[in-house]
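Visitor:
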Amino acid sequence: VYAAGDVTEAPDLLTGENIVSAIQPNAADQGRIAALGMAGRKVELPGVLPINVLDTLGLISVSFGQWWGETPENDGSGVELADEGLWRYLSLQFQGDVLIGATAIGRTDQVGVLRGLIQNRTPLGKWKDVLMDNPTRFVDAYIATSQPVSIAA
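If you count the sequence shown from 1, position 103 lands on 112 in this note's numbering, and the numbers rise without skipping.
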(Lines of atoms letter the chains of each structure in order from A and count residues from 1; the text may use other names and numbers.)
(Lines give C-alpha, C1' and ligand atoms only; values in the text may rest on other atoms or scores of the structure.)
Protein backbone atom coordinates (compact mmCIF):
# COMPACT_ATOMS: atom_id res chain seq x y z
CA VAL A 1 0.00 0.00 0.00
CA TYR A 2 1.40 3.38 -1.02
CA ALA A 3 -0.13 6.43 0.61
CA ALA A 4 0.68 10.00 1.55
CA GLY A 5 -0.83 13.00 3.27
CA ASP A 6 -3.61 13.17 5.83
CA VAL A 7 -4.52 9.48 5.48
CA THR A 8 -1.14 8.40 6.86
CA GLU A 9 0.95 8.48 9.97
CA ALA A 10 4.67 9.14 9.74
CA PRO A 11 7.45 9.43 12.29
CA ASP A 12 8.02 12.87 13.79
CA LEU A 13 11.44 13.91 12.51
CA LEU A 14 12.56 15.02 15.97
CA THR A 15 10.90 12.58 18.38
CA GLY A 16 10.33 9.49 16.22
CA GLU A 17 6.73 9.26 17.48
CA ASN A 18 4.17 8.44 14.76
CA ILE A 19 1.95 11.45 13.98
CA VAL A 20 -0.62 12.56 11.42
CA SER A 21 0.86 15.58 9.70
CA ALA A 22 -1.87 16.82 7.39
CA ILE A 23 -0.03 19.71 5.79
CA GLN A 24 1.05 20.10 2.17
CA PRO A 25 4.88 20.17 2.49
CA ASN A 26 4.90 16.90 4.42
CA ALA A 27 2.33 15.32 2.09
CA ALA A 28 4.56 16.23 -0.87
CA ASP A 29 7.58 14.60 0.81
CA GLN A 30 5.51 11.49 1.55
CA GLY A 31 4.17 11.43 -2.02
CA ARG A 32 7.70 11.54 -3.41
CA ILE A 33 8.73 8.58 -1.23
CA ALA A 34 5.57 6.64 -2.20
CA ALA A 35 6.22 7.29 -5.91
CA LEU A 36 9.82 6.13 -5.63
CA GLY A 37 8.62 3.00 -3.82
CA MET A 38 6.09 2.27 -6.57
CA ALA A 39 8.91 2.65 -9.09
CA GLY A 40 10.88 -0.05 -7.29
CA ARG A 41 13.34 2.13 -5.38
CA LYS A 42 14.20 1.14 -1.81
CA VAL A 43 13.66 4.42 0.04
CA GLU A 44 12.49 5.36 3.48
CA LEU A 45 10.99 8.58 4.79
CA PRO A 46 13.27 9.89 7.56
CA GLY A 47 10.29 11.58 9.18
CA VAL A 48 8.02 14.58 8.91
CA LEU A 49 8.43 17.96 10.53
CA PRO A 50 5.43 19.08 12.59
CA ILE A 51 4.21 22.34 11.04
CA ASN A 52 1.23 24.52 11.89
CA VAL A 53 0.08 27.65 10.07
CA LEU A 54 -2.84 29.68 11.37
CA ASP A 55 -4.50 32.85 10.10
CA THR A 56 -6.37 34.62 12.89
CA LEU A 57 -8.15 37.68 11.49
CA GLY A 58 -5.16 38.36 9.25
CA LEU A 59 -2.48 37.71 11.87
CA ILE A 60 -0.44 34.77 10.57
CA SER A 61 1.29 32.44 13.01
CA VAL A 62 3.53 29.49 12.20
CA SER A 63 5.24 26.86 14.28
CA PHE A 64 7.78 24.26 13.27
CA GLY A 65 9.25 21.25 15.00
CA GLN A 66 9.63 21.13 18.77
CA TRP A 67 8.37 24.69 19.25
CA TRP A 68 8.03 24.23 23.02
CA GLY A 69 11.76 23.59 23.33
CA GLU A 70 13.84 21.17 25.32
CA THR A 71 14.80 21.09 28.99
CA PRO A 72 18.15 22.52 30.11
CA GLU A 73 19.04 19.02 31.34
CA ASN A 74 18.83 17.90 27.69
CA ASP A 75 20.98 20.82 26.49
CA GLY A 76 17.91 22.91 25.62
CA SER A 77 17.82 26.69 25.38
CA GLY A 78 15.70 29.29 23.67
CA VAL A 79 15.23 32.93 22.85
CA GLU A 80 12.12 35.05 22.35
CA LEU A 81 11.66 38.43 20.72
CA ALA A 82 8.36 40.31 20.94
CA ASP A 83 7.25 43.58 19.38
CA GLU A 84 3.83 44.14 20.91
CA GLY A 85 3.25 47.37 18.99
CA LEU A 86 3.57 45.58 15.65
CA TRP A 87 1.99 42.31 16.86
CA ARG A 88 5.16 40.37 16.06
CA TYR A 89 6.77 37.53 17.98
CA LEU A 90 9.63 35.15 17.28
CA SER A 91 10.76 32.20 19.39
CA LEU A 92 13.70 29.94 18.55
CA GLN A 93 14.34 26.71 20.48
CA PHE A 94 17.66 24.88 20.47
CA GLN A 95 19.15 21.61 21.59
CA GLY A 96 22.86 22.22 21.75
CA ASP A 97 23.66 24.28 18.66
CA VAL A 98 20.83 22.79 16.57
CA LEU A 99 17.55 24.66 16.02
CA ILE A 100 14.79 22.19 16.94
CA GLY A 101 11.72 24.44 16.97
CA ALA A 102 10.40 27.89 16.13
CA THR A 103 7.27 29.99 16.45
CA ALA A 104 6.65 33.17 14.47
CA ILE A 105 3.60 35.41 14.80
CA GLY A 106 3.05 38.33 12.43
CA ARG A 107 6.42 37.61 10.86
CA THR A 108 6.11 35.25 7.94
CA ASP A 109 8.97 36.50 5.78
CA GLN A 110 11.55 33.78 5.18
CA VAL A 111 9.92 31.21 7.50
CA GLY A 112 10.90 28.52 4.99
CA VAL A 113 14.45 29.12 6.17
CA LEU A 114 13.40 28.18 9.70
CA ARG A 115 11.87 24.98 8.33
CA GLY A 116 15.09 24.17 6.49
CA LEU A 117 17.32 24.72 9.51
CA ILE A 118 15.10 22.55 11.72
CA GLN A 119 14.38 19.81 9.18
CA ASN A 120 18.04 19.45 8.20
CA ARG A 121 19.21 19.55 11.83
CA THR A 122 21.88 22.01 10.81
CA PRO A 123 24.65 22.47 13.40
CA LEU A 124 24.85 26.25 13.84
CA GLY A 125 28.16 26.49 15.70
CA LYS A 126 28.92 30.13 16.56
CA TRP A 127 25.70 31.20 14.82
CA LYS A 128 23.68 29.91 17.75
CA ASP A 129 25.18 32.68 19.93
CA VAL A 130 24.38 35.23 17.22
CA LEU A 131 20.76 34.03 17.16
CA MET A 132 20.52 34.09 20.95
CA ASP A 133 21.49 37.80 20.75
CA ASN A 134 19.36 38.59 17.69
CA PRO A 135 16.94 35.84 16.60
CA THR A 136 15.94 37.80 13.48
CA ARG A 137 19.29 36.87 11.87
CA PHE A 138 18.15 33.33 11.07
CA VAL A 139 18.50 33.93 7.30
CA ASP A 140 22.15 34.93 7.80
CA ALA A 141 22.67 31.79 9.91
CA TYR A 142 21.10 29.66 7.18
CA ILE A 143 23.29 31.13 4.46
CA ALA A 144 26.43 30.73 6.57
CA THR A 145 25.77 27.16 7.68
CA SER A 146 23.67 25.51 4.99
CA GLN A 147 25.15 26.62 1.72
CA PRO A 148 28.11 24.72 0.28
CA VAL A 149 31.21 26.73 -0.43
CA SER A 150 32.07 26.83 -4.12
CA ILE A 151 35.29 27.93 -5.70
CA ALA A 152 34.89 29.71 -9.01
CA ALA A 153 37.20 28.56 -11.79
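Note that the Cβ used here is the ideal one computed from N, Cα and C, for glycine as well.
Quick caveat, the model's predicted, so the values are computed rather than measured.
Do the CB positions of residue 19 and residue 78 come within less than 8 Å of each other?
Guide: Counted from its first residue, the sequence shown places residue 19 at position 10. Counted from its first residue, the sequence shown places residue 78 at position 69. Contact flag unset, no.
Visitor: Verify whether the separation of the beta carbon atoms of residue 127 and residue 108 is less than 8 Å.
Guide: The sequence position of residue 127 within the sequence shown is 118, counting from 1. The sequence position of residue 108 within the sequence shown is 99, counting from 1. Yes.
Visitor: Assuming residue 32 contacts residue 60 (C-beta within less than 8 Å), just tell me the rounded distance between them.
Guide: Position 23 of the sequence shown, counted from the start, is the residue given in the question as residue 32. Position 51 of the sequence shown, counted from the start, is the residue given in the question as residue 60. Indeed, because the Cβ distance is near 5 Å, the residues count as touching under 8 Å.
Visitor: Would DSSP call residue 52 helix, strand or coil?
Guide: Position 43 of the sequence shown, counting from 1, holds the residue named residue 52. In the structure shown, residue 52 sits in coil (DSSP, three-state: anything other than H, G, I, E or B).
Visitor: Excluding the five sequence neighbours on either side, which residues of its own chain have a C-beta within less than 7 Å of the C-beta of residue 52, listed in chain order?
Guide: One-based indexing of the sequence shown puts residue 52 at position 43. Cβ within range, chain order: 42, 45 and 46.
Visitor: Apart from the five residues just before and just after residue 115, which ones in its own chain have a Cβ nearer than 6 Å to its Cβ?
Guide: Mapped onto the sequence shown, residue 115 falls at position 106. Cβ neighbours of residue 115 beyond the five flanking positions: 68, 96 and 97.
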